[in-house]
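Asks: Can you keep this structure in mind? I'll have questions shortly.
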Amino acid sequence: MMHNKKTEAGRAERLNLLRNVFPDIQRHLLNRPSGVGHDDLLDAASAAWTAVRLHKGNALHVCNPERDEKGLAVTIWY
20 MMHNKKTEAG
30 RAERLNLLRN
40 VFPDIQRHLL
50 NRPSGVGHDD
60 LLDAASAAWT
70 AVRLHKGNAL
80 HVCNPERDEK
90 GLAVTIWY
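Residue 20 is where the sequence shown starts when you use this note's numbering, and the numbers rise one by one after that.
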């Protein structure tokens, strides 16, 4: 990401990517509950997208992950 998520450019950048996965995301942004910021909703959508990719087995990670005591990869997934 090129822009901070709290800026208009950052929101637009994230929204453009998430529209491919969640076509109705703009509607959800407009109708979000009070107290829920644009960046909160976009963060949640990003986390949901990553969870689906992990479940399908096509998520990527940022490094060669170490394993914790349960054998889980300790890394950042996307």
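Glycine included, every Cβ here is placed at the ideal spot set by N, Cα and C.
Between the C-alpha atoms of His80 and Val71, what's the straight-line distance to the nearest angstrom?
Replies: 14 Å
Asks: Quick check on the burial criterion: 16 or more other C-beta atoms within 10 angstroms. Buried or exposed for Arg38?
Replies: exposed
Asks: Using the DSSP secondary-structure output, state which residues sit across from Trp96 in a beta bridge.
Replies: According to DSSP, which records beta bridges pairwise, Trp96 is partnered with His80.
Asks: Any chance you could list the alpha helix (DSSP H) runs of at least 4 consecutive residues sitting entirely within the region 45 to 79, in chain order?
Replies: 57 to 75
Asks: Tell me whether Ala28 is buried or exposed, calling it buried when 16 or more other Cβ atoms sit within 10 Å of its Cβ.
Replies: exposed
Asks: Report the option in Lys25, Asn23, Gly54, Trp68 whose CA atom is closest to the CA atom of Ile44.
Replies: Nearest Cα to Ile44 within the set Lys25, Asn23, Gly54, Trp68: Trp68.
Asks: Determine the contact status of Pro84 and Ala78, defining contact as a CB-CB distance below 7 Å.
Replies: no
Asks: In whole angstroms, what is the alpha-carbon distance linking Ala31 and Lys89?
Replies: 39 Å
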